[in-house]
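Structure record follows, encoded as structure tokens.
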DNA sequence: ATCAATATGATACGCGCGTCTCAAAAATTT
DNA sequence: AAATTTTTGAGACGCGCGTATCATATTGAT
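Residue numbers (this note's numbering), protein chains in the order written: chain A, 30 to 256; chain B, 30 to 256.
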């Protein structure tokens with residue numbers, strides 16, 4: 030079965046990147062073409078990438094059996110630099126700000142890709158609910174969880190674990206593509222305004238978490254908290 | 030000719046709800062069937078609703094020309110009660126908390142519907158980027174903007190307009206379905222945990238906005254985001 | 001009761017995605 | 001260089017969505 034052989038290849042390459050030969054070459058060509066198209070704002074189907082890369086549809090589908098696989102590959106490709114990034118500061122708020130400054134422009138650059146990924150996740154979720162398609166991973170917790178936890182790591186000792194997690198969770202609400210959707214598409218803000226609001230919210234949350242831990246427990250959590 | 034007549038009906042009904050006759054009856058039947066299916070977690074296509082409601086595909090498509098129209102109708106139907114709701118308090122933080130308490134369970138009850146709506150918006154956005162489909166509304170700013178602005182209305186006088194908007198924008202990041210996606214699907218929280226985190230974050234943001242305005246400008250904004 | 005208007009249903013069509021088959025081309029081995 | 005394996009391309013197929021057409025049933029007015 031040539032098929033299962035080639036299917037396996039898609040996975041093998043994940044492990045051994047330096048693979049040589051026509052397979053790897055064609056795959057890279059497709060990946061680069063797809064990345065280029067997506068950076069231009071498109072959300073190309075496998076067929077469209079095939080045409081743009083000047084390979085046949087059949088070949089394209091051999092390497093990327095679905096648009097989902099394609100998008101995922103582009104996301105991984107484009108997100109690489111973020112994942113290894115480290116803030117130089119050891120102040121939590123500063124680190125979070127640094128993370129946002131680094132990640133948000135990159136997310137914006139790959140906006141179409143991230144939106145496509147979100148859309149596909151929603152698709153998969155819907156199928157899952159419908160009964161079709163069994164125990165797949167459904168929503169893949171991207172990298173945001175780890176990135177944020179790492180950013181607020183300096184608070185790990187100073188905050189109760191519960192509060193630490195709550196902060197990480199709250200921050201993750203203002204970190205992903207959803208921010209772009211809400212602030213740019215719905216509110217009509219520009220990139221600068223979007224980053225500004227996200228930064229402010231992030232800072233406010235970090236400060237709130239720290240402040241609470243200082244003046245003891247839920248000092249600010251009672252009804253209105255009149256300061 | 031018959032078509033444009035019936036097409037118009039879809040719009041007319043929005044204005045005159047009490048319409049009588051077979052048209053309204055069938056439409057309601059479909060809407061209720063669709064709502065039932067979606068509450069059960071499904072994201073039915075027009076054809077599926079047609080089958081469940083025991084009307085022909087052709088008829089179904091006359092009333093809801095696309096899945097998007099169907100979802101939109103169900104959203105409006107299910108969201109109605111929220112839109113007219115009013116908090117009895119005049120404390121901003123309390124009002125926001127009330128809003129969340131009221132809206133979040135309802136959003137959860139219609140989770141599949143909201144996710145479908147988000148997915149369709151992303152779809153439309155992608156098509157738009159691709160050049161196909163012209164000047165459509167793209168992302169329809171739902172009701173969240175108005176709801177939140179209304180909730181924090183008590184701060185309208187006490188906060189500079191710029192800060193007021195920033196707060197509304199930040200709050201809208203932790204208000205929609207996206208919250209469910211991030212906290213339930215990605216983090217794996219349950220409904221209670223999700224509401225808890227969202228509530229905490231909302232309160233923290235409101236308090237931060239108020240506190241800043243009190244101790245004058247950007248008293249807490251020093252470290253990050255200098256502008 | 002009759003007749004026009006209108007709602008419905010059955011059917012067929014185009015289109016795009018993903019799958020499959022098979023033959024030609026390219027690469028690798030012997 | 002010849003033989004074999006691997007990669008590629010061309011085409012056909014099924015499927016689901018949305019559209020269009022036409023005949024039939026239902027409704028409402030005269």
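We put the CB at the ideal spot given by N, CA and C, even for glycine.
Computed from a predicted structure; not experimentally measured.
Collapsing the DSSP output to three states places residue 189 (chain A) in coil. DSSP places residue 72 (chain B) outside any alpha helix (DSSP H), giving it a letter other than H or E.
Rounded to the nearest whole angstrom, the C-alpha separation of residue 69 (chain B) and residue 103 (chain B) is 13 Å.
Within 9 Å of the CB of residue 201 (chain B), the CB atoms of chain A belong to 211, 212, 215 and 216, in sequence order along the chain. A straight line joining the alpha-carbon of residue 197 (chain A) with that of residue 217 (chain B) spans about 13 Å. Taking 7 Å as the upper bound on Cβ-Cβ separation, chain A lies near residues 144, 145, 147, 148, 151, 152, 154, 155, 158 and 159 of the region 142-159 of chain B. For the region 68-94 of chain B, the residues whose beta carbon sits under 7 Å from a beta carbon of chain A are, in order, 70, 71 and 72. Going by beta carbons, residue 240 (chain B) and residue 183 (chain B) fall outside the 8 Å limit.
If you draw a 10 Å sphere on the C-beta of residue 185 (chain B), you find fewer than 16 other C-beta atoms in it, and that means exposed. Collapsing the DSSP output to three states places residue 219 (chain B) in coil.
The residues 76 and 79, in chain order, have a CB closer than 7 Å to that of residue 86 (chain B) in the same chain once the five nearest residues on each side in sequence are set aside. If you keep only unbroken alpha helix (DSSP H) runs of at least 4 residues inside the region 78-126 of chain B, you get 86-92 and 96-112. If you check each beta-carbon in the region 226-247 of chain A against every beta-carbon of chain B, the ones closer than 7 Å belong to 226, 228, 229, 230, 232, 233, 234, 236 and 237.
Secondary structure at residue 139 (chain A): coil, using DSSP grouped into helix, strand and coil. Neighbourhood of residue 195 (chain B) in chain A, by CB distance below 7 Å: 226 and 229, in chain order.
The beta-carbon distance between residue 188 (chain B) and residue 146 (chain B), rounded to whole angstroms, is 31 Å. This is too long to meet the 8 Å contact definition. Within the same chain, Cβ atoms closer than 6 Å to the Cβ of residue 56 (chain A) are found at 92, the five residues on either side in sequence being excluded. The region 135-152 of chain A and the region 225-233 of chain A do not touch, with fewer than 3 CB-CB distances between them shorter than 8 Å.
Taking a contact as a CB-CB distance under 8 Å, the pair residue 148 (chain B) and residue 144 (chain A) does not count as one, their CB atoms being some 10 Å apart. In summary, residue 115 (chain A) is exposed, with fewer than 16 beta-carbon neighbours lying within 10 Å of its beta-carbon over all protein chains present. Boundaries of the alpha helix (DSSP H) around residue 174 (chain B): 173-180. Setting aside the 5 residues that flank it on each side, residue 173 (chain B) is surrounded in the same chain by 201, 204 and 205, each with a C-beta closer than 8 Å to its C-beta; the list follows chain order.
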